[in-house]
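2 protein chains.
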Amino acid sequence: MAAAAGVSKTTAVFVLNDRPNFSIPEETRTRVQNAAKLLGYRRNGLAAALSHGKTGSIGIVVNIEAGQQDSELGASYLLGVLLSATQAASAAGLRLTTIAYDVTNPPPPDEVTDNRVDGLLLVGIMDEAFTRAVYGTGFPCVTVGSGYALRRVTADNAAGATQAVEHLISLGHRRIAYASPGLTRADRERRQGWLETMERHGLPSDGLEQDWEPLLEWIESQAPDAPTAVFCRNDSYAALLVPAARRKGIRVPEDLSVVGFDSGIIAEAMELTSVRNPLPELTARAVEMLTGLIAGKEVPELVTLPTKLNVRRSTASLGAAS
Amino acid sequence: MAAAAGVSKTTAVFVLNDRPNFSIPEETRTRVQNAAKLLGYRRNGLAAALSHGKTGSIGIVVNIEAGQQDSELGASYLLGVLLSATQAASAAGLRLTTIAYDVTNPPPPDEVTDNRVDGLLLVGIMDEAFTRAVYGTGFPCVTVGSGYALRRVTADNAAGATQAVEHLISLGHRRIAYASPGLTRADRERRQGWLETMERHGLPSDGLEQDWEPLLEWIESQAPDAPTAVFCRNDSYAALLVPAARRKGIRVPEDLSVVGFDSGIIAEAMELTSVRNPLPELTARAVEMLTGLIAGKEVPELVTLPTKLNVRRSTASLGAAS
DNA sequence: CTGAAAGCGCTAACAG
DNA sequence: CTGTTAGCGCTTTCAG
Chain L
1 MAAAAGVSKT TAVFVLNDRP NFSIPEETRT RVQNAAKLLG YRRNGLAAAL SHGKTGSIGI
61 VVNIEAGQQD SELGASYLLG VLLSATQAAS AAGLRLTTIA YDVTNPPPPD EVTDNRVDGL
121 LLVGIMDEAF TRAVYGTGFP CVTVGSGYAL RRVTADNAAG ATQAVEHLIS LGHRRIAYAS
181 PGLTRADRER RQGWLETMER HGLPSDGLEQ DWEPLLEWIE SQAPDAPTAV FCRNDSYAAL
241 LVPAARRKGI RVPEDLSVVG FDSGIIAEAM ELTSVRNPLP ELTARAVEML TGLIAGKEVP
301 ELVTLPTKLN VRRSTASLGA AS
Chain V
323 MAAAAGVSKT TAVFVLNDRP NFSIPEETRT RVQNAAKLLG YRRNGLAAAL SHGKTGSIGI
383 VVNIEAGQQD SELGASYLLG VLLSATQAAS AAGLRLTTIA YDVTNPPPPD EVTDNRVDGL
443 LLVGIMDEAF TRAVYGTGFP CVTVGSGYAL RRVTADNAAG ATQAVEHLIS LGHRRIAYAS
503 PGLTRADRER RQGWLETMER HGLPSDGLEQ DWEPLLEWIE SQAPDAPTAV FCRNDSYAAL
563 LVPAARRKGI RVPEDLSVVG FDSGIIAEAM ELTSVRNPLP ELTARAVEML TGLIAGKEVP
623 ELVTLPTKLN VRRSTASLGA AS
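Protein chains in written order, with the numbering used here: chain L, 1 to 322; chain V, 323 to 644.
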């Protein structure tokens with residue numbers, strides 16, 4: 001320790017960490033600093049962390065599988081979360097440690113809660129057993145978006161779906177499909193919003209919930225009851241549907257209006273009308289809850305944040321083929 | 323420690339970490355395991371790390387400013403890196419800790435090298451002083467992409483530019499612009515590739531290097547010498563240019579061919595022809611070098627990986643307005 | 001095969 | 001104002 005080469009311990013700590021401790025003789029101070037420089041001293045953050053029991057970083061457990069394909073399209077949500085979480089953590093003076101979760105080979109819950117981070121954010125983990133195990137350890141954690149956990153912060157998926165559907169209705173559409181394989185909780189919540197909105201407006205919904213491929217074939221067939229608009233479970237889904245539609249000669253938005261969900265980078269790039277998933281706010285909130293938890297405070301069980309619709313160029317009035 | 327509740331220390335370590343140590347009486351083993359369960363024992367990874375001097379995680383210093391705007395478009399490269407680095411690290415059994423770097427308030431080099439990670443990946447850091455300081459500490463680090471550091475792994479930017487330009491030439495284009503503000507090393511390398519290729523094919527390049535706005539005005543003016551194709555510094559840039567062009571009534575690819583660089587999520591979403599920046603390979607290689615460095619091995623100073631062109635739908639033969 | 005003891009590098013009382 | 005001391009919780013020789 002630098003102390004050896006000059007004065008001694010506590011003193012060194014004071015100058016090196018410059019503590020709210022007045023009066024350290026200039027002379028001593030510089031002596032320590034020189035010694036430090038000379039010996040090439042660098043603080044060992046690990047030891048410090050062990051000592052005072054805080055690592056200054058939080059973990060984010062992400063389902064990495066989503067980004068494993070050749071295409072990054074499916075990972076767009078994850079990317080948005082990673083970016084905004086990094087920013088949120090950084091704003092809170094914390095580092096973000098990414099912990100990869102792979103469904104086929106999930107990490108042992110004990111390993112992710114092994115104190116190398118002060119708390120955990122869970123994202124997109126559809127594994128109930130894992131989630132329960134992690135929460136069960138009592139380690140501070142909050143989930144972002146949908147998931148099995150109680151303690152979570154999420155966008156208002158149903159309300160978002162309603163915004164999407166009402167936008168379409170206001171454009172004159174009546175045959176509005178919901179494109180989704182319906183796997184996740186978010187999918188189901190969005191579906192619910194779509195369904196209720198359709199019903200509230202007296203519009204039929206039967207047969208209008210499908211995967212995008214059959215949907216496109218239906219539209220291509222020009223059947224009179226084919227949908228004229230489709231609300232996609234998320235942007236990635238729309239990014240699959242729109243080019244496929246165009247390839248079939250179905251013009252967007254002239255022949256078909258489409259709206260996505262997330263309004264992330266993909267939506268921007270393809271000028272897709274989309275419901276904004278407020279990731280920066282969501283993650284900021286989650287980080288806040290997490291730090292609260294770490295500090296031993298009470299935090300809400302569920303926080304739901306509002307969405308808004310970003311109208312871009314993939315939706316148009318029914319029959320307004322320009 | 324669990325040891326207290328049953329047997330004693332070393333033994334506990336053996337069973338809990340199950341070491342390559344044969345012969346632990348079944349009885350003792352279960353006894354320890356039960357005790358552990360009972361006391362809710364969880365290993366403290368931090369203490370372990372301090373003890374054997376390896377944290378099992380590497381850091382990635384990213385310039386977070388790029389993603390700070392309202393739009394995520396500018397952060398697409400960063401997103402791609404983050405995702406592939408997470409995967410690369412995970413494949414190597416490492417965690418990835420994101421360390422935000424903000425130009426206006428850069429973290430002290432000493433803080434990023436404080437041993438809370440075993441090594442560092444630097445991405446998109448244009449701050450020479452910072453880079454030097456970090457490398458100067460002797461802490462293991464390698465930079466991904468361009469940057470001031472010697473030890474780095476990057477795509478072959480010039481060759482990639484050549485691929486882009488030659489594709490355009492093969493489509494009959496002769497007035498090929500390079501859209502770039504020319505700030506970064508990568509920009510300059512790509513420019514170099516563009517320039518050399520133009521020259522090699524006897525094509526003029528004067529005045530063809532500009533920002534996208536003046537470029538579009540020029541094209542809109544229908545001047546006879548206006549470019550018919552543009553090679554953009556990266557996908558994000560193309561994502562700005564293409565919609566703006568369409569808004570001016572310039573059709574892509576009928577009136578204007580455009581090719582991007584990175585071929586990431588944006589290019590996929592907008593079906594942009596783009597030079598692939600091999601991020602997964604790049605980051606995997608970088609992680610490999612880093613682990614080598616950490617293990618005290620010699621590693622190459624510079625690794626350059628090839629790009630390839632992904633032809634999508636933003637480029638077409640000159641005059642082939644369909 | 002199991003126990004004791006030292007120490008990783010730092011922090012945090014508590015004395016001098 | 002500066003030095004001593006006792007740990008943080010684990011790993012790791014080295015004995016029993």
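In this text, a Cβ means the ideal position worked out from N, Cα and C, and glycines have one as well.
Could you check if residue i is buried or exposed, using at least 16 other CB atoms within 10 Å of its CB as the buried criterion?
i: Ala223/L; result: exposed
i: Arg200/L; result: exposed
i: Pro536/V; result: exposed
i: Ser90/L; result: buried
i: Arg132/L; result: exposed
i: Asn105/L; result: exposed
i: Pro227/L; result: buried
i: Thr10/L; result: exposed
i: Gly319/L; result: exposed
i: Ala295/L; result: exposed
i: Leu442/V; result: buried
i: Pro462/V; result: buried
i: Ser221/L; result: exposed
i: Val182/L; result: Note that residue 182/L is Gly in the sequence shown, not Val. Counting Cβ neighbours within 10 Å, Gly182/L comes out exposed, since fewer than 16 surround it.
i: Leu122/L; result: buried
i: Ala59/L; result: It is Gly, not Ala, that sits at residue 59/L in the sequence shown. Label assigned to Gly59/L: buried.
i: Glu433/V; result: exposed
Quick one: what's got a C-beta closer than 6 Å to residue i's C-beta in the same chain, skipping five residues either side?
i: Glu531/V; result: Tyr500
i: Gly45/L; result: none
i: Leu195/L; result: Ser205
i: Trp277/L; result: The amino acid occupying residue 277/L in the given sequence is Asn; Trp does not appear at that position. Only Ala155 and Asp262 meet the Cβ criterion.
i: Arg496/V; result: Leu525
i: Tyr148/L; result: Glu128 and Thr131
i: Ala49/L; result: Thr55
i: Val103/L; result: Glu65
i: Gly402/V; result: Gly586 and Leu601
i: Arg42/L; result: none
i: Ser558/V; result: Leu395, Gly396 and Ser398
i: Arg313/L; result: Glu271
i: Ser180/L; result: Asp187 and Arg233
i: Asn115/L; result: none
i: Ala621/V; result: Reading off the sequence shown, one finds Val at residue 621/V, where the question assumed Ala. Once the five neighbours on either side are set aside, the close Cβ partners of Val621/V are Met611, Gly614 and Leu615.
i: Ala410/V; result: Thr605, Ala606 and Val609
Which one or two residues does DSSP pair with residue i in a beta bridge?
i: Tyr101/L; result: Asn63/L
i: Val230/L; result: Ala177/L and Val258/L
i: Arg417/V; result: Ser379/V
i: Thr350/V; result: DSSP, once it has assigned bridges, lists no residue as partnering Thr350/V.
i: Ala477/V; result: Leu627/V
i: Ala310/L; result: The question names Ala, but residue 310/L is Asn in the sequence shown. Paired residue(s): Ser274/L.
i: Glu209/L; result: Tyr178/L
i: Leu195/L; result: In the DSSP output, where bridge partners are listed per residue, Leu195/L has none listed.
i: Val466/V; result: Val445/V and Val475/V
Cutting at 7 Å between CB atoms, please list the residues of its own chain near residue i, excluding the five before and the five after it.
i: Thr459/V; result: Pro431 and Thr435
i: Ile541/V; result: Ala548, Pro549, Ile572 and Leu578
i: Met592/V; result: Ala561 and Val564
i: Gly515/V; result: Asn479, Ala480, Ala481, Gly482, Ala483 and Thr484
Go through its chain and collect everything with a Cβ distance to residue i's Cβ below 8 Å, but skip five positions before and after it.
i: Val275/L; result: Gly160, Ala161, Gln163, Ala164, Val259, Gly260, Phe261, Asp262, Ser263, Thr307, Lys308, Leu309 and Asn310
i: Thr315/L; result: His167, Leu168, Leu171, Ala229, Pro253, Ser257, Val258, Val259 and Thr273
i: Val538/V; result: In the sequence on display, residue 538/V carries Leu and not Val. Only Leu563, Ala566, Ala567, Lys570 and Ile572 meet the Cβ criterion.
Of all the residues that make up the region 102-128 of chain L, which are near chain V by a beta-carbon distance shorter than 7 Å? Listed by position, the residues of the region 102-128 of chain L near chain V (Cβ gap below 7 Å) are Asp110, Thr113, Asp114, Asn115 and Arg116.
The region 227-246 of chain L: positions lying closer than 7 Å to chain V by Cβ: Cβ contacts with chain V come from Ala239 and Pro243.
Validate contact between the region 350-362 of chain V and the region 50-58 of chain L using beta carbons, cut 8 Å, 3 pairs: No contact exists between the region 350-362 of chain V and the region 50-58 of chain L.
Check whether the region 288-302 of chain L touches the region 231-251 of chain L, counting contact only when three or more Cβ pairs, one atom from each stretch, lie closer than 8 Å. With the cut-off at 8 Å, the region 288-302 of chain L and the region 231-251 of chain L do not touch.
When you check each C-beta in the region 131-154 of chain L against every C-beta of chain V, which residues fall closer than 7 Å? Of all residues in the region 131-154 of chain L, only Thr137 come within less than 7 Å of chain V when Cβ atoms are compared, listed by chain position.
How do the region 84-104 of chain L and the region 416-423 of chain V stand: do at least 3 beta-carbon pairs fall below 8 Å, yes or no? Yes, the region 84-104 of chain L touches the region 416-423 of chain V.
Got a sec: which bits of the region 343-374 of chain V sit with their beta carbon under 7 Å from any beta carbon on chain L, in order along the chain? Of all residues in the region 343-374 of chain V, only Arg364, Arg365, Asn366, Gly367, Leu368, Ala369, Ala371 and Leu372 place a beta-carbon less than 7 Å from a beta-carbon of chain L.
According to a CB-to-CB cut-off of less than 7 Å, which residues of the region 572-588 of chain V neighbour chain L? Taking 7 Å as the cut-off between beta carbons, the residues of the region 572-588 of chain V near chain L are Gly586, Ile587 and Ile588, in sequence order.
Given a limit of 8 Å on CB to CB distance, which residues of the region 292-312 of chain L reach chain V? The residues in question: there are none.
Where the region 72-84 of chain L meets chain V: residues whose CB sits under 9 Å from a CB there: Flagged, chain order: Glu72, Leu73, Ala75, Ser76, Leu78, Leu79, Gly80, Leu82, Leu83 and Ser84.
Within 7 Å of chain V by C-beta, residues of the region 267-286 of chain L in sequence order: Taking 7 Å as the cut-off between beta carbons, the residues of the region 267-286 of chain L near chain V are Glu268, Ala269, Met270 and Glu271, in sequence order.
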